[in-house]
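The structure appears below as structure tokens.
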Ligand code: DHB
Ligand code: MG
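Residue numbers (UniProt numbering): 1 to 211.
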């Protein structure tokens, strides 16, 4: 982390609910890779600013980002969270329930692309998306998010810098190539208005324009 990021992190008061989830996530055997606290706050703000009632996240991990998103939802709003691994989804469910958001978050377990395909078939629509799952899947997840988006929906994606691998020309693995392609698309696609933030591990934010 840079000195500037450490400075900002120290300004933000520790959020006990989220720190509890971070601790529980590690204790449950999951990696400690939840989104940076400042970006967690941004998720809550974007959801609240867009009056979101239906949100979708791809990649639940321990429920940290789920709570950040759920906190911004309108009264009666819901978050659908896609998670590959049943044991992660169960742990996330326990953690978000303990944080008081069990009623508004539902988990769909298994390959996210299959869940997304089903949501498309059911003609479901969402106003907010958070992409934070396997990096090779990012290009496909972006296309699904655009398909499932209401006009004006916000799409956020974590880890667009892959701890420096994205800008290291010697790195040419499938995840790196997928994220480079994702970044190109999100930066330039005429269906989107977008920006990319380089802090922490990088965050992309896009708004889906009306067709
Ligand atoms: C890593 C971090 C993440 O936030 C993630 O979604 C995947 C991997 C990492 O630092 O390795
Ligand atoms: Mg991430």
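In this text, a Cβ means the ideal position worked out from N, Cα and C, and glycines have one as well.
Using DSSP bridges, identify the partner residues of residue i.
i           : result
residue 195 : 205
residue 210 : Beta-bridge pairing links residue 210 to no other residue.
residue 108 : 82
residue 182 : In DSSP, residue 182 forms no bridge with anything.
residue 155 : 129, 206
residue 54  : 78
residue 149 : 126
Between residue i and ligand 1, is the CB less than 6 Å from at least one heavy atom?
i           : result
residue 134 : no
residue 103 : no
residue 159 : yes
residue 205 : no
residue 146 : no
Is the beta carbon of residue i within less than 6 Å of some heavy atom of ligand 2?
i           : result
residue 183 : no
What three-state label does DSSP hand residue i in the structure shown?
i           : result
residue 35  : coil
residue 190 : coil
residue 28  : coil
residue 169 : coil
residue 117 : helix
Would you please state the rounded distance, in angstroms, between the beta carbons of residue i and residue j? I believe it to be under 8 Å.
i           : j           : result
residue 202 : residue 159 : 6 Å
residue 112 : residue 141 : 7 Å
residue 61  : residue 33  : 7 Å
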